[in-house]
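Position one of the sequence shown corresponds to residue 928 (the numbering used here), numbered consecutively onward. Structure record follows, encoded as structure tokens.
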Amino acid sequence: MKKFSLMLMLAALFAFSAMAGEWTGYISDEGCAKKDTAKAESDAHAGCAKGCAGKGANLVLVSGGKIYQLSAQDKAKQHAGHKVTVAGKLEGEKITVDSIKM
């Protein structure tokens, strides 16, 4: 019985290790997001985010004061500086992106 309980617990743990969901926030460049999260999570940062994206900066989602890495940089680049909703799976601090919508 203990083995069964342990197996059931492990199966549940693996099932929830990647949580699917949606997150709303701003696409920003990682450097600025780490320096000033509040500014990166606003329309005031749009021009800078677009400029940094054009230079090849790593783009992130800033949502609720948290910074999330994004798997789909090509999709994120199209929305640099914009408020978006990202759908995908969260593993730690990285979102495996299914879609990004404005």
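Glycine included, C-beta positions come from ideal geometry on N, C-alpha and C. Just so it is clear, the structure is predicted and the values come from calculations on it, not from any experiment.
| query | result |
| --- | --- |
| I'd like to know if the region 980-998 and the region 1006-1026 are in contact, where contact means that at least 3 CB-CB pairs between them fall below 8 Å. | yes |
| Return helix, strand or coil for Asp1025, following the three-state DSSP convention. | strand |
| Rounded to whole angstroms, what is the Cα-Cα separation between Tyr995 and Val1013? | 10 Å |
| Three or more C-beta pairs under 8 Å: does that hold for the region 1016-1027 against the region 960-979? | no |
| In terms of alpha-carbon separation, which member of Gly948, Gly1015, Lys961 lies closest to Leu986? | Lys961 |
| Rounded to whole angstroms, what is the Cα-Cα separation between Glu957 and Ala947? | 23 Å |
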